[in-house]
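Worksheet: one structure, shown below.
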Amino acid sequence: MKRVLLLLSVALLLSSDHTASAFAAKPAHGAGSVQEKKLVIGFSQCTVKEPWRVEFNKRLAAHARAKYPNVQLDILDADDRTELQVAQVRSFIRRGVDAILISPKEAAGLTGVVREASEAGIPVIVLDRDVNYKDYPCFVGGDNKLIGRAAGKVAIDMLGGPGKARGVIYEICGGLASTPAQERRDGFHEIVEKEQGIKLIGGLDGDWKKDKAHSIMQDALKANPEIDLLYAHNDPMAHGAYQAAKAAGRHEELKFIGIDALPNEGLRWVRSGELTATLLYPTPGEVGLDLAMKILAGEKVDRRVTLPTRVFTKENVARGGEEVKLGGG
Ligand code: FRU
375 MKRVLLLLSV
385 ALLLSSDHTA
395 SAFAAKPAHG
405 AGSVQEKKLV
415 IGFSQCTVKE
425 PWRVEFNKRL
435 AAHARAKYPN
445 VQLDILDADD
455 RTELQVAQVR
465 SFIRRGVDAI
475 LISPKEAAGL
485 TGVVREASEA
495 GIPVIVLDRD
505 VNYKDYPCFV
515 GGDNKLIGRA
525 AGKVAIDMLG
535 GPGKARGVIY
545 EICGGLASTP
555 AQERRDGFHE
565 IVEKEQGIKL
575 IGGLDGDWKK
585 DKAHSIMQDA
595 LKANPEIDLL
605 YAHNDPMAHG
615 AYQAAKAAGR
625 HEELKFIGID
635 ALPNEGLRWV
645 RSGELTATLL
655 YPTPGEVGLD
665 LAMKILAGEK
675 VDRRVTLPTR
685 VFTKENVARG
695 GEEVKLGGG
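Put into structure tokens, the structure is as follows:
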């Protein structure tokens with residue numbers, strides 16, 4: 375695990391966008407350095423209905439306690455509702471918090487309020503899912519286009535290799551109003567659509583939820599006598615689809631690819647053979663909080679910090695998976 379963390383931090387150093395942010399935060403109020411004075415940071419988390427979000431909050435809260443005892447970190451759950459998330463950010467603005475972290479439910483609906491906070495002079499750090507307004511100081515998240523492409527390569531290898539792959543792929547998307555779902559779809563399509571022997575079907579919005587993916591897959595199995603591989607934009611949905619295929623007695627005909635690779639979810643399912651592969655999507659909270667503190671200290675930060683990914687299969691999971699190279703356009 376230590377090795378994985380080390381690799382992650384090395385890759386992180388290599389992957390930042392070195393255009394420093396032009397955003398100049400107002401110095402945090404009160405006397406003393408940001409390490410000493412009492413600071414309030416608000417975080418609006420889009421939902422805690424999924425394990426990845428629960429882990430994200432847990433790691434962030436632990437990091438805040440361990441590293442920034444002077445910070446009061448207020449974590450709010452927006453319960454998968456855009457209007458509630460907008461109201462939460464507005465309440466942070468009204469309270470005049472020192473910085474805002476947000477992991478938006480979707481792009482369009484949260485764009486306005488990120489702008490409002492920025493125009494009120496509060497530094498906003500956007501985590502994991504982006505918005506359409508770009509004049510906030512810093513985004514932290516995975517490279518979802520790259521993850522989509524890497525998933526596409528894994529799928530093609532499993533179905534016979536580039537130029538020779540054959541079969542039907544069924545895709546279940548995350549919430550398509552969010553940037554990770556759009557990018558995971560686009561990256562995957564870019565690779566898979568080059569293959570003459572592959573038919574790519576599906577593409578319904580499963581809103582990242584296991585139960586929705588389960589029912590989408592039930593219908594897909596009825597409508598399609600042949601499906602060779604299932605690609606879902608996260609592990610809960612891939613596992614929901616696996617369970618639907620199992621109930622229909624067809625799970626052994628298919629390969630299942632998901633994303634997130636949480637130790638107790640995706641990685642466990644890869645070990646047990648329920649999922650064929652998963653790709654790491656690190657939670658961005660700790661890096662996001664460190665960047666908020668740098669901004670409050672008046673330091674320049676990179677505009678975009680990209681977290682690395684790894685691919686895990688049954689063969690490589692015991693040795694920590696395999697690195698997926700960043701970049702690639
Ligand atoms: C959790 C989640 C993760 C996924 C991420 C994408 O809400 O669905 O499973 O990787 O959001 O934003």
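So that you can map any letter, position 73 of the sequence shown is 447 in the numbering used here, and since no number is skipped, the others follow by simple counting.
Note that beta-carbon positions come from the ideal geometry of N, C-alpha and C, so glycine has one too.
Cα separation between lysine 441 and proline 682? 23 Å
What I want to know is whether the C-beta of cysteine 420 ends up closer than 8 Å to one or more non-hydrogen atoms of the ligand FRU. yes
Neighbouring residues (CB closer than 6 Å to any heavy atom of the ligand FRU): Thr421, Glu424, Trp426, Arg427, Asp502, Arg503, Gly548, Ser552, Pro554, Trp582, Asn608, Ile633, Asp634 and Tyr655
For glutamate 557, the nearest candidate out of Ala606, Ala539, Ile575 and Arg469 (CA to CA): Ala606
Given a cut-off of 9 Å on the beta-carbon distance, is the pair leucine 450 and glycine 659 in contact? no
Tell me the rounded alpha-carbon separation between glycine 561 and proline 554. 10 Å
Where the beta strand (DSSP E) through leucine 681 begins and ends: 678 to 681
Considering only residues of the same chain and omitting the five flanking positions on each side of alanine 671, which have a CB-CB separation below 6 Å? Val408
Please classify glutamate 424 as buried or exposed, where buried requires at least 16 neighbouring CB atoms within 10 angstroms. buried
DSSP state of glycine 695, grouped into three classes? coil
With DSSP as the reference, identify every bridge partner of tyrosine 544, one or two as the case may be. Ile575 and Leu604
Verify whether the separation of the beta carbon atoms of glycine 515 and threonine 687 is less than 9 Å. no
With contact counted as at least three CB pairs below 8 Å, one residue from each stretch, are the stretch 542 to 552 and the stretch 570 to 588 in contact? yes
Give a yes or no on contact between the stretch 452 to 461 and the stretch 505 to 520, applying the rule of three or more CB pairs nearer than 8 Å. no
Taking the alpha helix (DSSP H) that alanine 452 belongs to, which residues open and close that run? First-last for alanine 452: undefined, no H or E at that position.
Between which two residues does the alpha helix (DSSP H) carrying glycine 416 extend? Not the alpha helix (DSSP H): glycine 416 falls in the beta strand (DSSP E), residues 413 to 419.
Span of the alpha helix (DSSP H), counted from its first residue to its last, around alanine 529: 518 to 532
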